[in-house]
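Reading through the structure tokens given below for one structure.
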Amino acid sequence: MESKYISPFTDFGFEKLFGEEGNKNLLVSFLNDLLPIKNKIVDISFKKNQQLGDDFSTRSAVFDIFCEDEKNNQFIVEMQNARQTYFRDRAVFYSTFPIREQARKGLWNFKLKEVYCVGLLGFNLDDAPTEDEEVILEYIHTVNLKDQNNKLFYHKLTYLFIELPRFDKKETEIKTHFEKWMYFLKNLDNFDNIPAILQEEIFEEAFKVAEIANYTADQRREYESSLKSYRDNINVIETSREEGREEGREEGREEGREEGKLVGKLEGKLEVARNLLLANVNLETIAAATGLTREEIEKMRKEQH
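The following block contains the structure:
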């Protein structure tokens with residue numbers, strides 16, 4: 002049975018809901034519910050989402066959404082479905098672009114506007130805790146620069162990571178407006194009608210934007226292509242993880258030693274990566290599926306040619 006509404010986890014769906022000028026009040030509402038009340042946003046303007054380095058040898062970055070509010074505070078908003086080995090490094094790297102672009106030629110006192118990096122994550126930041134670790138059930142992580150005494154050092158750079166898998170509230174358990182947004186995003190493509198708790202103006206507008214029947218034939222084809230890519234990537238990641246685990250178990254059984262298990266696990270990852278390269282899967286997806294670095298995968302690709 003086809004869904005009535007788009008999946009917000011596809012590139013098409015995420016941009017349709019939060020990245021279009023005509024729907025920017027949806028993003029304003031989402032950010033206002035996420036940020037402290039003192040940071041209330043009145044309006045936003047979208048900026049070019051591809052940021053170039055200083056010269057041809059410097060790496061560029063492409064954001065899902067890059068915008069600023071009426072006070073020129075900067076916002077990067079991204080949907081990240083798959084775990085990456087160096088996800089934190091990537092987040093910090095991306096945050097440098099809206100900081101650097103504030104630089105002025107000539108006399109400048111270095112005063113900066115605030116920068117917020119918001120990540121909607123389809124995975125948990127940390128693995129399952131050990132027996133000695135405390136289980137933390139929070140699904141929103143706010144990260145700032147602090148000193149050794151946990152005192153805030155700098156308030157103009159904030160990372161907000163939202164672990165979607167940790168949010169599993171039912172309609173009757175929702176208490177805040179932001180939880181309504183989470184409930185909306187987690188269940189959108191499974192809804193047949195607007196649930197009672199979301200029957201208010203902002204969500205009714207969001208459902209209208211998300212309804213596939215309202216799209217042109219070209220838009221529907223674009224969405225179907227985006228949905229197929231999303232499903233294929235998820236399937237590749239899940240299959241690759243299972244194959245890697247099985248390769249590791251098999252090699253570990255043959256060796257009969259702990260180090261054999263480790264070697265087998267690595268060999269399993271390498272074998273999965275080789276197969277994905279042959280299937281022309283992109284490096285980012287392979288890295289997420291295997292835990293190998295982009296450099297390791299790039300080296301393997303060169304060896305195959």
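Plus 1 on top of the position in the sequence shown (first one is 1) and you've got this note's numbering. Note that the Cβ used here is the ideal one computed from N, Cα and C, for glycine as well.
_For the structure I just gave you, are there three or more beta carbon pairs, one from the region 111-124 and one from the region 66-85, closer than 8 Å?_
yes
*Indicate whether LEU35 and PHE179 have their beta-carbon atoms separated by less than 8 Å.*
Counting from one through the sequence shown, the residue named residue 35 turns up at place 34. Counting from one through the sequence shown, the residue named residue 179 turns up at place 178. Yes, these two residues count as a Cβ contact at 8 Å.
*Below 8 Å CB to CB, which residues in the same chain sit around ARG193 once its five sequence neighbours on both sides are set aside?*
Here residue 193 refers to the residue found at position 192 of the sequence shown. In the sequence on display, residue 193 carries Asp and not Arg. These residues qualify, in order along the chain: LYS5.
*asked:* Could you compute how far the alpha carbon of ILE175 sits from the alpha carbon of ASN24?
replied: Numbered from 1 along the sequence shown, position 174 holds the residue referred to as residue 175. Numbered from 1 along the sequence shown, position 23 holds the residue referred to as residue 24. Roughly 25 Å between the two C-alpha positions.
*Taking buried to mean at least 16 other C-beta atoms within 10 Å of its own C-beta, is GLY269 buried or exposed?*
As a first step, residue 269 must be located in the sequence shown, where it is residue number 268. Flag for GLY269 reads buried.
*Of all the beta strand (DSSP E) runs that stay within the bounds of the region 148-190, which reach a length of 3 or more residues?*
153-164
*asked:* Does the contact criterion of 3 or more C-beta pairs under 8 Å hold for the region 93-110 versus the region 14-32?
replied: no
*CB-CB length for SER46 against GLU16, believed under 8 Å*: For the purposes of this step, residue 46 is taken as residue 45 along the sequence shown, with counting starting at 1. For the purposes of this step, residue 16 is taken as residue 15 along the sequence shown, with counting starting at 1. At roughly 16 Å, the Cβ-Cβ gap does not stay under 8 Å, so SER46 and GLU16 are not in contact.
*Looking at the structure shown, is GLN200 part of a helix, part of a strand, or coil, going by DSSP?*
Position 199 of the sequence shown holds residue 200. Reduced to three states, the DSSP call for GLN200 is coil.
*asked:* By the three-class DSSP mapping on this structure, what secondary structure does GLY269 have?
replied: By 1-based counting over the sequence shown, the position of residue 269 is 268. Note: GLY269 maps to helix in three-state DSSP.
*Measure the Cβ-Cβ separation of MET301 and LEU278 and say whether it is below 8 Å.*
Taking the first residue of the sequence shown as position 1, residue 301 is located at position 300. Taking the first residue of the sequence shown as position 1, residue 278 is located at position 277. A contact, by the Cβ cut-off of 8 Å.
_If you follow the alpha helix (DSSP H) that SER30 is in, where does it begin and where does it stop?_
Along the sequence shown, read from residue 1 onward, the residue named residue 30 stands at position 29. SER30 -> alpha helix (DSSP H) spans 25-35.
*Check the DSSP bridge columns for THR143 and list the partner residues they point to.*
Taking the sequence shown and counting its residues from 1, one reaches residue 143 at position 142. In DSSP, THR143 forms a bridge with LEU161.
_Is the beta carbon of THR177 closer than 8 Å to that of THR159?_
In the sequence shown, the residue the question calls residue 159 occupies position 158. In the sequence shown, the residue the question calls residue 177 occupies position 176. Against a cut-off of 8 Å, the Cβ pair of THR177 and THR159 comes out as no contact.
*asked:* Buried or exposed, going by whether 16 or more other CB atoms sit within 10 Å of the CB of VAL43?
replied: Here residue 43 is taken as the residue at index 42 of the sequence shown, counted from 1. The residue in question, VAL43, is exposed, as its Cβ has fewer than 16 Cβ neighbours within 10 Å.
_The beta strand (DSSP E) enclosing GLN103, as first and last residue numbers_ = Residue numbering aside, residue 103 sits at position 102 when the sequence shown is read from its first letter. GLN103 -> no beta strand (DSSP E), and no H or E assigned at all.
_So for ILE77, helix, strand or coil by DSSP?_
Position 76 of the sequence shown holds residue 77. Of the three classes helix, strand and coil, the one that applies to ILE77 here is strand, per DSSP.
*Nearest to LYS170 by CA position, among ILE198, GLU3, LYS152, is which residue?*
In the sequence shown, counting from the first residue as 1, residue 170 sits at position 169. When only C-alpha atoms are compared, the closest one is ILE198.
*What is the rounded straight-line gap between the Cα of PRO9 and the Cα of LYS181?*
As a position in the sequence shown, residue 9 is number 8, starting the count at 1. As a position in the sequence shown, residue 181 is number 180, starting the count at 1. For PRO9 and LYS181, the distance between alpha carbons rounds to 15 Å.
*If you draw a straight line from the C-alpha of VAL273 to the C-alpha of THR291, how long is it?*
If you number the sequence shown from 1, residue 273 lands on position 272. If you number the sequence shown from 1, residue 291 lands on position 290. Roughly 7 Å between the two C-alpha positions.
_Out of ASN188, ASN110, VAL29, ASP65, which one is the CA nearest neighbour of PHE168?_
Position 167 of the sequence shown, counted from the start, is the residue given in the question as residue 168. Cα-wise, what sits closest to PHE168 is ASN188.
*Exposed or buried, GLU134, counting other C-beta atoms within 10 Å across all chains shown (16 or more means buried)?*
The sequence position of residue 134 within the sequence shown is 133, counting from 1. At GLU134, the pLDDT of 46 sits below 50, so the modelled position is not reliable and the matter cannot be decided from this model.
*May I ask you to verify whether the region 101-111 touches the region 139-158, counting CB pairs closer than 8 Å and requiring at least 3?*
no
*Residue from ARG101, ASN74, ASN215, LEU186 whose Cα sits closest to the Cα of LYS41*: Taking the sequence shown and counting its residues from 1, the one referred to as residue 41 is at position 40. The residue with the shortest Cα to Cα distance from LYS41 is ASN74.
*Would TYR224 be called buried (16 or more neighbouring beta carbons within 10 Å of its own) or exposed?*
Along the sequence shown, read from residue 1 onward, the residue named residue 224 stands at position 223. Counting Cβ neighbours within 10 Å, TYR224 comes out buried, since at least 16 surround it.
*Mapping DSSP to helix, strand and coil, what is VAL43?*
Here residue 43 refers to the residue found at position 42 when the sequence shown is read from its first residue. VAL43: coil per DSSP, three-state reduction.
_Taking DSSP's pairing of strands, which residues face ILE66 in a bridge?_
As a first step, residue 66 must be located in the sequence shown, where it is residue number 65. VAL78.
_If you follow the alpha helix (DSSP H) that GLY14 is in, where does it begin and where does it stop?_
Counting from 1 along the sequence shown, the entry for residue 14 is found at position 13. That run of the alpha helix (DSSP H) goes 12-19.
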